[in-house]
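First to last, the protein sequences are chains H and R. In this text, residue positions in the first sequence follow the numbering used here: the first is 325, and each later residue adds one. In this text, residue positions in the second sequence follow the numbering used here: the first is 325, and each later residue adds one. Where is the CB? At the ideal position from N, CA and C, for every residue including glycine. Inspection log for the structure reproduced underneath, given as structure tokens.
2 protein chains.
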Amino acid sequence: MSTDATPKARAKRRDAQRNREKLIDATMDVFTERGLDVPLEEIARRAGVSIGTLYNHFPSRDDLIAAFYPAKFAAQIEDADRALECAPWEGFVWYLARLCERQACDRGLSDLLSRRLPDTPELRQACAQSYERTSRIIARAQQDGSLRADFTPQDLTFVIWSSISIIKATAAVAPDAWRRHLAFLLDGCRATAAHPIATPSLDMEQVLKTMPTLGTATAQHE
Amino acid sequence: MSTDATPKARAKRRDAQRNREKLIDATMDVFTERGLDVPLEEIARRAGVSIGTLYNHFPSRDDLIAAFYPAKFAAQIEDADRALECAPWEGFVWYLARLCERQACDRGLSDLLSRRLPDTPELRQACAQSYERTSRIIARAQQDGSLRADFTPQDLTFVIWSSISIIKATAAVAPDAWRRHLAFLLDGCRATAAHPIATPSLDMEQVLKTMPTLGTATAQHE
DNA sequence: CAATAACTTGAGGGAACCCTCAACTTCTAT
DNA sequence: ATAGAAGTTGAGGGTTCCCTCAAGTTATTG
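Below, the structure written as structure tokens:
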């Protein structure tokens, strides 16, 4: 209202910056350990600030989540790139196992996929990047003759969803059980195992609407 | 304290019996439609009684659940019996699809598998019956040479868990999507698709501990 | 070292759900 | 008909988490 003639918005105060960082660090830890539904007080406590300060920096849980996931997406994209350096089928298998491993040791990450995320440009971009690589991983393995021809990038979502549920169910009793489930699924993905499937693949629209990544494209009522 | 010399406990009052039945009916409907975590007031409202009466008849949510699931288990056992009348592989496939179909149209049923149930004799018996049939369905298909030899009854849990997560994720967008997932999984279950799996099957103990049916065998702290 | 804008604090109000219990109503047996 | 046991009721206290905002604290700038 008064002196807003400065070229850009004025820099944050030093202590405020520090608090923001402490909050982000705490968020990464707490979400990873306990999932995205943890009480926000827990994050404030861990960061050593009051709940009021938390709300000052991050007005809603979604803002914390928005600070949480980019690193996770980036790691996933790196994994995809590494997978593309392997032989086609091995890369495909390794990538899926890697996805699952990450879910298995990160409750926040596995919660991400069952939650509507805000529709930010960064997220759209991360999705596009991820999709691009995933498609290549799949296409390579199909050209190679090892992956069944009717497998689509959207079908990968099934692998993730189903593995997450196994991971969550068996975490306390047999933390490796998902590997067995994945093995069955992979055997069903081989070209040599393929029998025609009547139900068509989801299209990308449907996957987006369903859960991970973007909400209903352009926000809904929030 | 006074006149408890009657051979058996006195019969319930007529109106109390009626209320109990209304509550059970409401429970079946509400759990089926909205899952096991619905507010109990909703059930009382639907039954046309007060919340106090609900608590009078069913002191805890678990007691309502205990009234809910036997019919569901019975249906499942019937399905298994029908499956045993088909050809081995067809029976196996039909049974799995049937299980999933039931989950798909019954939120209460799908919640059951991700919740610790009370350890009652009836439940133990239902589990034993179910296990006995399931084992036969599997054994038949293996002897037949169609189902891979390393598939165990415990692996069936994976099929259910994973399908439930697909069902929940896609219910709003593509209510049939689970069929595609199941098809991949089934292709991976064929004897001809089998590749050796390093991770061993869960044993029955572990499955019980994990989730469905019984809690930690002989109750824990409740 | 003010003065002031920026930031922090935590008590507290709100919502959703749980469960209880003292006062009331209804059934049933005599 | 009536007494008393059996059953019902719903307001209200408890819990957990959400989020706000008036009052207090701290950094920054001249």
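Would you kindly check if the distance between the Cβ of residue j and the Cβ of residue i is under 7 Å?
| i | j | result |
| --- | --- | --- |
| S489 of chain R | S489 of chain H | yes |
| D555 of chain R | P520 of chain R | Residue 555 of chain R is absent from the model: chain R starts at 325 and stops at 546. |
| A507 of chain R | A517 of chain H | no |
| T494 of chain R | T534 of chain H | yes |
| T351 of chain R | F392 of chain R | yes |
| Q478 of chain R | L526 of chain R | yes |
| I389 of chain R | S454 of chain R | no |
| G512 of chain R | D443 of chain H | no |
| F355 of chain R | G432 of chain R | yes |
| W502 of chain R | C424 of chain R | yes |
| Y419 of chain R | I461 of chain R | yes |
| N343 of chain H | V362 of chain H | no |
| G415 of chain R | A407 of chain R | yes |
| I491 of chain R | Q427 of chain R | yes |
Expressed to the nearest angstrom, what Euclidean distance is found between the alpha-carbon atoms of residue i and residue j?
| i | j | result |
| --- | --- | --- |
| T377 of chain R | I367 of chain R | 11 Å |
| Q466 of chain H | D403 of chain H | 19 Å |
| P499 of chain H | Q530 of chain H | 31 Å |
| V483 of chain H | T458 of chain H | 13 Å |
| A304 of chain H | A340 of chain R | Given that chain H is displayed from residue 325 to residue 546, the structure contains no residue 304 of chain H and the question cannot be resolved. |
| Q449 of chain H | A450 of chain R | 51 Å |
| R440 of chain H | L532 of chain H | 10 Å |
| H505 of chain H | P445 of chain H | 35 Å |
| M528 of chain R | S487 of chain R | 20 Å |
| G369 of chain R | G359 of chain H | Here residue 369 of chain R turns out to be Arg, not Gly, going by the sequence shown. Roughly 34 Å between the two C-alpha positions. |
| L509 of chain R | L480 of chain H | 13 Å |
| D386 of chain H | L347 of chain R | 39 Å |
| E357 of chain R | D474 of chain H | 35 Å |
| V497 of chain R | T476 of chain H | 17 Å |
| S470 of chain R | A395 of chain R | 32 Å |
Specify the secondary structure class of residue i as computed by DSSP and reduced to three states.
| i | result |
| --- | --- |
| L360 of chain R | coil |
| L532 of chain R | helix |
| L441 of chain R | strand |
| F514 of chain H | The identity of residue 514 of chain H in the sequence shown is Arg, whereas the question assumes Phe. In this structure, R514 of chain H counts as strand in the three-state DSSP scheme. |
| L300 of chain H | Residue 300 of chain H is absent from the structure shown; chain H starts at 325 and stops at 546. |
| L506 of chain H | helix |
| L471 of chain H | strand |
| I521 of chain R | coil |
| T458 of chain H | helix |
| D430 of chain H | coil |
| K336 of chain R | coil |
| T476 of chain R | coil |
| C410 of chain R | coil |
| S384 of chain H | coil |
| V497 of chain H | coil |
I want to check one thing, is the minimum distance from the CB of residue i to the heavy atoms of the ligand NAP below 6 Å?
| i | result |
| --- | --- |
| R514 of chain H | For the ligand NAP, the structure offers nothing, since it holds no ligand at all. |
Using 10 angstroms around the beta-carbon of residue i, count the other beta-carbons present and answer buried if the total reaches 16, otherwise exposed.
| i | result |
| --- | --- |
| R514 of chain H | buried |
| C429 of chain H | exposed |
| S384 of chain R | exposed |
| R337 of chain R | exposed |
| R472 of chain R | buried |
| R334 of chain H | exposed |
(request) Name, going along the chain, the residues of the segment 489-504 of chain H whose beta-carbon falls closer than 7 Å to a beta-carbon of chain R. (result) S489, I490, A493, T494, V497, A498, D500, A501, R503 and R504
(message) Residues of the segment 399-425 of chain H in Cβ contact with chain R at a cutoff of 7 Å, in chain order, please.
(response) none
(request) Can you give me, in chain order, the residues of the segment 452-474 of chain R that have a beta carbon less than 9 Å from any beta carbon in chain H? (result) R472
(request) Check each residue of the segment 501-525 of chain R: if its Cβ is closer than 8 Å to any Cβ of chain H, include it; give the result in chain order. (result) Contact residues of the segment 501-525 of chain R toward chain H are A501, R503, R504, H505, A507, F508, L509, L510, D511, G512, C513, R514, T516, A517, A518, H519, I521, A522, T523, P524 and S525 (C-beta to C-beta distance below 8 Å).
(request) Below 9 Å between beta carbons is the criterion; list the residues of the segment 347-361 of chain H that meet it against any residue of chain R, in chain order. (result) none
(request) Return the residues of the segment 382-396 of chain H that lie within a Cβ-Cβ distance of less than 9 Å from chain R, sorted by chain order. (result) Those residues of the segment 382-396 of chain H that come within reach of chain R (Cβ to Cβ, closer than 9 Å) do not exist; the list is empty.
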